[in-house]
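Using my numbering, you'd call the opening residue of the sequence shown number 1 and step up by one each time.
For reference, the structure discussed in these notes is given below.
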Amino acid sequence: MLKLLKIVRDAGEVTIKYPFAPAEFTPTFRGKPEYDPKRCISCAACAIACPPNALTIETDLEKGVRTWQFCAGRCIFCGRCEEVCPTRALRLSQEFELAVMRKDDLYERCTFSLCHCRQCGTPFAPQKEVDYALALTMQANGMTEEDPDQRRQFETCPQCKRKQTLGLKPRQEV
Ligand code: SF4
Ligand code: SF4
Numbered sequence: 001m002l003k004l005l006k007i008v009r010d011a012g013e014v015t016i017k018y019p020f021a022p023a024e025f026t027p028t029f030r031g032k033p034e035y036d037p038k039r040c041i042s043c044a045a046c047a048i049a050c051p052p053n054a055l056t057i058e059t060d061l062e063k064g065v066r067t068w069q070f071c072a073g074r075c076i077f078c079g080r081c082e083e084v085c086p087t088r089a090l091r092l093s094q095e096f097e098l099a100v101m102r103k104d105d106l107y108e109r110c111t112f113s114l115c116h117c118r119q120c121g122t123p124f125a126p127q128k129e130v131d132y133a134l135a136l137t138m139q140a141n142g143m144t145e146e147d148p149d150q151r152r153q154f155e156t157c158p159q160c161k162r163k164q165t166l167g168l169k170p171r172q173e174v
């Protein structure tokens, strides 16, 4: 018994006072992903990478919208979403107290409008993603002003582009 008491005394305090005192973290502690809808382009890279499907993307072609959704109840704080997000719209925070009173409060959602093809009118990609791709191309080519023809090309769906290409090829080959 005395030996045990000596071990306890030598060990000192090994527990933390949380929740009566703030918890302390290492700088690399991974908590709830923080989402910035202004930066998000609805590209779906995070939803594809998320192992437990805490992130999902749903596209409604009839309404012409895409919905991004995060469920805190499924997140395992692995950080894959942060790694793959091209715009840094998702960053892991140090937030870990995620209890809520209503199940729906575990969810975070954001809706984006889709770009309608200039040729056939079909919604085919989020407008923000199209704008982002156009801005990257302009930056890569050192352009300061937008070219309307280039925007028309970016706002044309893959099927119509394919038809255009097929329609052009015979004339080029003649
Ligand atoms: S941290 Fe991991 S589990 Fe959580 S949303 Fe991101 S990818 Fe999904
Ligand atoms: S990867 Fe980033 S930009 Fe793409 S949908 Fe997820 S949060 Fe939005």
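Each residue gets a CB set at the ideal place from its N, CA and C atoms; glycine is no exception.
| query | result |
| --- | --- |
| Strand pairing of residue 65, partner residues [DSSP] | 60 and 113 |
| Heavy atoms of ligand 2 versus C-beta positions, residues under 7 Å | 35, 39, 40, 41, 42, 43, 44, 45, 46, 47, 55, 57, 68, 81, 84, 85, 86, 87, 89 and 90 |
| Proximal residues to residue 83 (C-beta, below 8 Å), its chain only, five neighbours per side dropped | 49 |
| Given 8 Å, three or more beta-carbon pairs between the region 88-104 and the region 18-36 | yes |
| Residue 217 vs residue 159 beta-carbon contact at 9 Å | Residue 217 lies beyond the range of the chain shown here (1 to 174); nothing can be said about it. |
| Inter-residue Cα distance where the pair is residue 46 and residue 139 | 24 Å |
| 8 Å contact criterion, which residue 118 and residue 152 should meet: CB distance rounded | 5 Å |
| Residue 124 vs residue 134 beta-carbon contact at 9 Å | no |
| Residue range of the alpha helix (DSSP H) that includes residue 129 | 127-140 |
| Proximity to residue 41 [Cα-Cα], best of 68, 8 and 156 | 68 |
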